[in-house]
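For the sequence shown, our numbering assigns the number 2 to the initial residue and increments by one for each residue that follows.
Idealized CB from N, CA, C, for every residue including glycine.
Read through the structure below, which is laid out as structure tokens, and then see the notes.
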Amino acid sequence: MDKGRLLERINFLLEKGKTVLKTEKKDGMYGRVVDPGLQSGFRTASLSFIKNLYGEDHIYYKDIFSQSSNTNWSSDTERCINILDSVKEEIEGDWLFDIQSLVAADIFSDFLEMSEHLLEQGYKDPAAVLIGSTLESHISNLCEKHDIPVTIWKGDGKLVPIKADQLNADLKKNGVYGTLEQKNVTSWLDLRNKAAHGKYDEYTKEQVEIVLLGVQNFILSHK
2 MDKGRLLERI
12 NFLLEKGKTV
22 LKTEKKDGMY
32 GRVVDPGLQS
42 GFRTASLSFI
52 KNLYGEDHIY
62 YKDIFSQSSN
72 TNWSSDTERC
82 INILDSVKEE
92 IEGDWLFDIQ
102 SLVAADIFSD
112 FLEMSEHLLE
122 QGYKDPAAVL
132 IGSTLESHIS
142 NLCEKHDIPV
152 TIWKGDGKLV
162 PIKADQLNAD
172 LKKNGVYGTL
182 EQKNVTSWLD
192 LRNKAAHGKY
202 DEYTKEQVEI
212 VLLGVQNFIL
222 SHK
């Protein structure tokens, strides 16, 4: 998730809200009202943005959704703008990323616990793949948190994900972690690749157990 692009989008929505308020006029029956078409477009765009960012269960989404789509009171527009201002503060203060990191950490913990269970049952190979996939996902999330690109445009015009090894190098280059941790991640990814390509004889169950502990500590240290 690119913090700069999020701020660009929310600033666009805030300007859209201000444009709606500029159409405000007094109505004898309803009080202050705004252009219904512009109001509806602003409400829908705001709901879409907040849903993608927080999900439908978040209080911000529920608050805007509770506003009737059939009314055009200017107070609804003002309330929506105030909510977007709060979202902007969370993005600027990195609070959003902290919350998402906690949620992601819970998900990763479940996957790693599953890997541990597989190891206990003697299934070292699927455990190695699952641990590696969890690590790759966490590396990608770290890059997004620190505004490091995770995709690249190819010559044929397709947007493709950057490989985990390169993301690992970029994280070290940007000071997210040091050389030792970069080397550890490289070795963990190497074991994962061996498992994914069927090279099961090139590593042991004990090595997978060591990688599991390393990845667990790495994720706890870099949320």
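Paired residues, beta bridge with residue i - DSSP
i	result
residue 160	154
residue 74	34
First and last residue of the uninterrupted alpha helix (DSSP H) at residue i
i	result
residue 256	Beyond the ends of the chain as shown, which are 2 and 224, falls residue 256; an answer cannot be given.
residue 28	Looking at the DSSP string, residue 28 is not in any alpha helix (DSSP H); the run it does join, the beta strand (DSSP E), is 26-28.
residue 55	37-55
residue 139	125-146
residue 60	60-66
residue 171	165-174
residue 186	180-197
residue 149	Run containing residue 149: none; DSSP gives neither H nor E here.
residue 1	Given a span of 2 to 224 for the chain in the structure shown, any question on residue 1 remains unanswerable.
Expected contact under 8 Å - CB spacing of residue i and residue j to nearest Å
i	j	result
residue 65	residue 48	6 Å
residue 34	residue 23	Not confirmed; about 13 Å, so no contact.
residue 196	residue 129	4 Å
residue 192	residue 212	6 Å
residue 43	residue 72	Not confirmed; about 13 Å, so no contact.
residue 116	residue 131	5 Å
residue 84	residue 61	5 Å
residue 50	residue 14	6 Å
residue 133	residue 96	The pair is not a contact, with the Cβ atoms about 30 Å apart (cut-off 8 Å).
Endpoints, the beta strand (DSSP E) within which residue i is located
i	result
residue 32	32-34
Near the ligand NAD: residue i beta-carbon under 6 Å from a heavy atom
i	result
residue 56	Ligands in the displayed structure: none, and consequently the ligand NAD is not present.
Should the stretch 169-182 be called in touch with the stretch 136-156, which here means at least 3 C-beta pairs below 8 Å?
yes
inquiry  = Does the structure place the stretch 81-99 close enough to the stretch 176-195 that three or more beta carbon pairs sit under 8 Å?
reply    = no
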